[in-house]
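Trainee:
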Amino acid sequence: MSNTPCSANPFTPISTCIEQVDIKGQYIQLAAPIQLSGQLNIVELLAQYPINEESEQAPIQIGIDEAGRGPLLGSVNVAAAILPATWSGLIEDAPLKGTPLSILTDSKQLSEKKRDILYPLVQQYAVGHIVADIPAAVIDQINILQATMLGMRLCTEVLLEIIAKHFNTSVERQFEVLIDGNRCPDLDYASLDKLGIKESVIDCQAWVKGDARHTSIAAASILAKVSRDKTMYALDAQYPEYGIAKHKGYPTRAHMEAIETYGVLTAHRRSFAPVRKALENVAHTESGNR
């Protein structure tokens, strides 16, 4: 993985551009940069997960979720969140009761108004959080599944890299990486090992509907969903005729009619069948008019 800092401080806040990456042993130049942004509070992390060589260490739980796999337009956003130790756990056990995040659950079960309320609260109270914005060009380059897995991998690795620089790696801290879905990303364990984080201390778990089960995944779901919606509203302001604020890039009738009337945008995912078909129809019409 090759990255370049987008700001002078690569720790807190986190602001990183990924332009090249190793995917399954193949080192590739990405079609467009992946932007990662967030924050990690090292002081709070050390306070919440203190190093105690005489007792078993509480695992640092990293929840990960995505938003935007299905739309025809825009980025897929992947987010990771580390909550305070006592706030991390199964939602059904109510570890968030009495906290500012007490209404937190799967973002899809919350209204947009509640998600917008929770978004800054998650950013404020999470020990660490990060969002990866994987643009349409990368989705078209490596497919939506691999783009999503890459986002999950990058969020995990960037957080672990920063943690490794500030924690005593001679004490083998345990990490629980909780993924919403049915598979875990392929982490670059060789690079993590060089930082002092061995594969054996990383327990990656895939949870179907995990955003309704684990508080840390639910927190990540809020970050991913709201951050993606923000990019959709920005595109809507730029291209109001497409009605993006309403359909958020999903293949609704209104969206398909807008594509037919106004054409395919740069932000559209050309590898997705409806967009590909629209482009083919345009090419066929143009060839017929020659």
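Sequential numbering of the sequence shown, starting at 1, is according to UniProt numbering. Quick reminder that beta carbons are idealized off the backbone N, C-alpha and C, glycines included. Keep in mind the model is a prediction, meaning the values are calculated, not measured.
(1) Going by DSSP in three states, Cys155 sits in which element: helix, strand or coil?
(2) Count the other CB atoms within 10 Å of the CB of residue 292; is the residue buried (16 or more) or exposed (fewer)?
(3) What span of residues does the alpha helix (DSSP H) with Ser102 cover, start to end?
(4) Quick one: Cα of Ala8 to Cα of Glu260, how far?
(5) Within 10 angstroms of its Cβ, does Arg253 collect 16 or more other Cβ (buried), or is it exposed?
(6) So, do the region 133 to 143 and the region 233 to 246 have three or more beta carbon pairs nearer to each other than 8 Å?
(7) Under three-state DSSP, which class holds Thr12?
(8) Rounded to whole angstroms, how far is the Cβ of Glu66 from the Cβ of Ala224, which I believe are closer than 8 Å?
(9) Please state if the CB of Ile179 and the CB of Ile64 are separated by a distance shorter than 8 Å.
(10) Since Ile222 contacts Leu83 with CB under 8 Å, what's their CB separation in whole angstroms?
(11) In three-state terms, what does DSSP make of Ala58?
(12) Could you tell me which uninterrupted alpha helix (DSSP H) segments, each at least 4 residues in length, are contained entirely in the region 68 to 139, listed from first to last along the chain?
(13) Using DSSP with H/G/I as helix, E/B as strand and the rest coil, what is Leu265?
(14) Using only alpha-carbon positions, find the residue among His255, Ile34 and Ala164 that is nearest to Met152.
(15) If you draw a straight line from the alpha carbon of Glu172 to that of Ala278, how long is it in whole angstroms?
Mentor: Answer, in terms of the structure:
(1) helix
(2) Look at the range of the chain in this structure, 1 to 290, and you will see that residue 292 is not part of it.
(3) It is not in any alpha helix (DSSP H) - Ser102 carries neither H nor E in the DSSP assignment.
(4) Residue placement at Ala8 cannot be trusted, given a pLDDT of 40 that sits under 50; what the coordinates show is reported in the next sentence. So the two alpha carbons sit approximately 44 Å from each other.
(5) exposed
(6) no
(7) Correct three-state label for Thr12: coil.
(8) 5 Å
(9) A contact, by the Cβ cut-off of 8 Å.
(10) About 12 Å; that fails the 8 Å criterion.
(11) coil
(12) 112 to 125
(13) coil
(14) Met152 has its Cα closest to that of Ile34, out of His255, Ile34 and Ala164.
(15) When rounded, the separation of the alpha-carbon atoms in Glu172 and Ala278 is 53 Å.
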